[in-house]
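Asker: Protein chains in written order, with our numbering: chain C, 1 to 337; chain D, 338 to 803.
Take a look at this one; I'll ask things after.
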């Protein structure tokens, strides 16, 4: 069996899980300051993701660990090459977590305001940087014969990469807005719905431009002709369907649709890369691929067994957690502090 | 400073900081679970109050452990890419399993525990905190497995300039893991035990709910007494293993320059690394032979012999770690460990004499002891990690060869400065919050508030909501 392929797919699954799940809680963090009218609203927003955000973040940690184990060269090249962007993500995730956990521990305006900033920036910055990072990977990077990154920070900030960052930010924000329509009620829910309707079309334009320019700037469609294949089409259909589902007040289905766009979009990126992991712009032969970057077959076998056992269990209890907290968070449920 | 030194400083700073919160999480999670079990079994609301009181403190500590932990996982790739390439085939496995098996469990069930006070059945809710405690300790096992492999590499062969796995069971049952894991986890229990003991003592000293805090003090005393004795015995086996597996580390821990037979134990020395000698040394004859080999006659090898031997195998260079740091780190850890045992036994005697509530002198000492385990834990890890230098993987890869070539010194300055700033800020917030939430103690129930107690506790339970 081709364990490299299996692990490539598994890591894609972990990132898909991460973007899908953390995507909406980034969105909630970004929207919180705009759709809340008072402190109770803000706390409702935070509590919609309260029991989940930490477990959602573990998808990233697991993806990182799985990359380390299955494709050590990918992990090493990517993490050392994207040093400063990852630093920003780390700092953002730190202050964000602290914002969530500690915000309501002290009832002082300054304290809460600081926590609000932590939550907003801590959600916006990673949402943006993940898009920039992923775009850079599918554009190709200056990777040398030694498998190391030979570029600077500013090389990562090309206009197209920035566009990718904006696209991911828009997508996560939308996903978060729909999530809020599912988890809140009353005026707050209406505002979330309004925001979603308002940003849907501009986001669509942004995503469309990003996707079309993808033909020019990325390696993703090199194998295809003009017709992009099923998956990109599914991402587009999903996105459009989401809008009409929202208009029809089918919020659950609309959430599935924004999720679908994230899922299919991420698959497009991974599928387009395969069998490369990080295409080199210096010399295509220096690219990291699933074959030259992977661990030994024994390691991949052991990891496969472990993943096969534990991933279903994880999905089971995470689903249980979402089931337990399926009710909407109401303003009444927030205790006066 | 060069990239190498900067990367090492950053790793040291972030790791030590991370390991302030981790051991406390290991111990405190179990203690909170025990308190909740007492409540579940006896129905005594005192234990419920204790569970909530220490549970809030636990969440604060846990949060900081989590956020500083992500940095650790990323840092291998960010700052030590060549190390990651070399070890990934082996080292990555426990890391990935740790996330898959432990972190998911811990984070999901902590969410359920925090927000599930009114939603879950009592038994299920109790199960949640136990799963959190178990998962925290499971994660410790996996990360220690990774570390043990750096200390004593097993089950590998070198292919194309990197270590590849040949025997997974050898890694699971690495001798080093079997001595290092119990010692580290139990040190976490001591840390948690002394935390609960110290806070309980503080509250008794302040006259807040003495009856209730006596209960938590008793739990903590038994817990700490058992755990602190076990740190000594497990530490002893770890040291004996070190004599075999990393003789150079052992010699540095003892400041032993020349091979001795029988070997004496050094109580005090001023180490002169440059001239490879120690001054003003106080030695106990035979004692090191006893500690290392359990007899009065055996040889313990000194650093000069070991250096010569390593030069023969690995070529020229210095293979002697920074001796003074390792030597004193070891003594600080052991000294403090003995104090912990002493404190716990004193507490048990006071309990026996029924003076636990009234012995204010003991309360004061117990409060001071809240802070000491962190020094012991840090000293212990410094011995382990500095004692392995100049190797990052013992005998296989030098630390200097592990650093990322793609990362500039400027980048590391930026990251180190920002981590230091953010971590400093977090430390201040953590201390502030822990004091804020522990100082008021457990409020007394007065008649007016009676409706807020047992029967309808939804309001006060929601205090866990964000």
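Glycine included, every Cβ here is placed at the ideal spot set by N, Cα and C.
Quantities reported herein were computed from a predicted structural model and do not represent experimental measurements.
For residue 321 of chain C, which of D:442, D:415, D:424 and D:373 has the nearest alpha-carbon?
Answerer: The candidate whose alpha carbon is nearest that of residue 321 of chain C is D:442.
Asker: Only counting the same chain, and skipping five residues up and downstream in sequence, which positions put a Cβ closer than 6 Å to that of residue 124 of chain C?
Answerer: Cβ within range, chain order: 30.
Asker: Considering just the uninterrupted stretch of the alpha helix (DSSP H) at residue 586 of chain D, what are its terminal residues?
Answerer: Unbroken alpha helix (DSSP H) run through residue 586 of chain D: 584-590.
Asker: Figure out for me which residue from D:535, D:346 and D:567 has the closest Cα to the Cα of residue 694 of chain D.
Answerer: Nearest C-alpha to residue 694 of chain D: D:535.
Asker: Tell me whether residue 792 of chain D sits in a helix, a strand or coil according to DSSP, three-state version.
Answerer: Because the pLDDT at residue 792 of chain D is just 44, under 50, the model does not fix this residue reliably, and the value given afterwards should be weighed accordingly. In the structure shown, residue 792 of chain D sits in a helix (DSSP, three-state: H, G or I).
Asker: For residue 75 of chain C, return the contacting residues in chain D, with the cut-off set at a CB-CB distance below 7 Å.
Answerer: Result: 414, 421 and 425.
Asker: Does the beta carbon of residue 803 of chain D sit closer than 8 Å to a beta carbon anywhere in chain C?
Answerer: Residue 803 of chain D counts as touching chain C.
Asker: List the residues of chain C whose Cβ lies closer than 8 Å to the Cβ of residue 435 of chain D, in chain order.
Answerer: Within 8 Å Cβ-Cβ: 65.
Asker: I want to see whether chain C comes within less than 8 Å of residue 742 of chain D, judged by CB atoms only; does it?
Answerer: It does; some Cβ of chain C falls within 8 Å.
Asker: Closer than 7 Å by C-beta to residue 590 of chain D: which residues in its own chain qualify, once you throw out the five before and the five after it? Chain order, please.
Answerer: Within the same chain, residue 590 of chain D has close Cβ partners 663, 664, 667, 720 and 724.
Asker: For residue 438 of chain D and chain B, any beta-carbon pair shorter than 8 Å?
Answerer: Absent here is chain B; the protein component of the structure consists of chains C and D.
Asker: Should residue 530 of chain D go down as buried or exposed, given a rule of 16 or more other Cβ atoms within 10 Å for buried?
Answerer: Label assigned to residue 530 of chain D: buried.
Asker: Just the Cα atoms here: how many angstroms apart are residue 760 of chain D and residue 244 of chain C?
Answerer: Their Cα atoms are separated by approximately 46 Å.
Asker: Out of D:367, D:339, D:394 and D:446, which has the shortest C-alpha to C-alpha gap to residue 52 of chain C?
Answerer: Closest by alpha carbon: D:446.
Asker: At the 8 Å Cβ level, is residue 356 of chain D part of the contact set with chain C, yes or no?
Answerer: It does not; no Cβ of chain C falls within 8 Å.
Asker: Within 8 Å (strictly less), CB to CB, does residue 85 of chain C reach chain D?
Answerer: False, the Cβ-Cβ gap to chain D never drops below 8 Å.
Asker: Quick check on residue 473 of chain D - is its C-beta less than 8 Å from some C-beta in chain C?
Answerer: Cβ-Cβ to chain C under 8 Å: no for residue 473 of chain D.
Asker: If we require 3 or more residues per run, which beta strand (DSSP E) segments fall completely within the region 246-307 of chain C?
Answerer: You should have 276-278.
Asker: Ordered along the chain, which non-local residues of its own chain (more than five positions away) have a Cβ less than 6 Å from that of residue 451 of chain D?
Answerer: Within the same chain, residue 451 of chain D has close Cβ partners 801.
Asker: Going along chain C, which residues have a C-beta under 7 Å from residue 430 of chain D?
Answerer: The contacting residues are 69, 299, 302 and 303.
Asker: For the alpha helix (DSSP H) that residue 154 of chain C lies in, which residues bound it at each end?
Answerer: Note, residue 154 of chain C: premise wrong, no alpha helix (DSSP H); not H, not E.
Asker: For residue 39 of chain C and chain D, any beta-carbon pair shorter than 8 Å?
Answerer: No - not a single Cβ of chain D is within 8 Å of the one on residue 39 of chain C.
Asker: Taking all protein chains shown into account, do 16 or more other C-beta atoms lie within 10 angstroms of the C-beta of residue 803 of chain D, making it buried, or fewer, making it exposed?
Answerer: With 16 or more other Cβ atoms within 10 Å, it is buried.
Asker: Taking 8 Å as the threshold (beta carbon to beta carbon), is residue 25 of chain C in contact with chain D?
Answerer: Taking Cβ atoms only, chain D never reaches closer than 8 Å to residue 25 of chain C, which makes this a no.
Asker: Which residues of the region 85-118 of chain C have a Cβ closer than 8 Å to any Cβ of chain D? Give them in chain order.
Answerer: Cβ contacts with chain D come from 86, 87, 90, 91, 93, 94, 95, 97, 98, 100, 101, 102, 103, 104, 105 and 106.
Asker: Please state whether the Cβ-Cβ distance between residue 749 of chain D and residue 468 of chain D is less than 8 Å.
Answerer: Taking 8 Å as the Cβ cut-off, residue 749 of chain D and residue 468 of chain D do not qualify as a contacting pair.
Asker: In angstroms with no decimal places, state the Cα-to-Cα distance between residue 516 of chain D and residue 427 of chain D.
Answerer: If I take the Cα positions, the gap works out to 20 Å.
Asker: Going along the region 198-210 of chain C in order, which residues come within less than 7 Å of chain D, judged by CB to CB distance?
Answerer: Against chain D - using a Cβ distance shorter than 7 Å - the region 198-210 of chain C contributes no residues.
Asker: Cutting at 6 Å between CB atoms, please list the residues of its own chain near residue 362 of chain D, excluding the five before and the five after it.
Answerer: Hits under 6 Å: 398, 399, 402 and 473.
Asker: By how many angstroms is the C-alpha of residue 419 of chain D removed from the C-alpha of residue 603 of chain D?
Answerer: So the alpha carbons of these two residues sit roughly 38 Å apart.
Asker: At what residue ranges does the region 697-769 of chain D contain a whole run of the beta strand (DSSP E), taking only runs of 3 or more?
Answerer: List check, beta strand (DSSP E) in window: 728-730.
Asker: Three or more C-beta pairs closer than 8 Å, one from the region 115-123 of chain C and one from the region 161-170 of chain C: is that the case here?
Answerer: Short answer: they don't touch.
Asker: How would you label residue 754 of chain D, buried or exposed, when you count the other beta carbons within 10 angstroms and need 16 or more for buried?
Answerer: It is exposed - the Cβ of residue 754 of chain D has fewer than 16 other Cβ atoms within 10 Å.
Asker: State the CB to CB distance for the pair residue 69 of chain C and residue 303 of chain C, rounded to an integer number of angstroms; the pair is presumed to be in contact (CB under 8 Å).
Answerer: About 6 Å separates the two Cβ atoms, so the contact holds.
Asker: Under 8 Å between C-beta atoms, does residue 407 of chain D make it to chain C?
Answerer: For residue 407 of chain D, the answer is yes, since a Cβ of chain C falls inside 8 Å of its Cβ.
Asker: Looking at the secondary structure, which residues open and close the alpha helix (DSSP H) in which residue 443 of chain D lies?
Answerer: Run containing residue 443 of chain D: 441-452, per the alpha helix (DSSP H) assignment.
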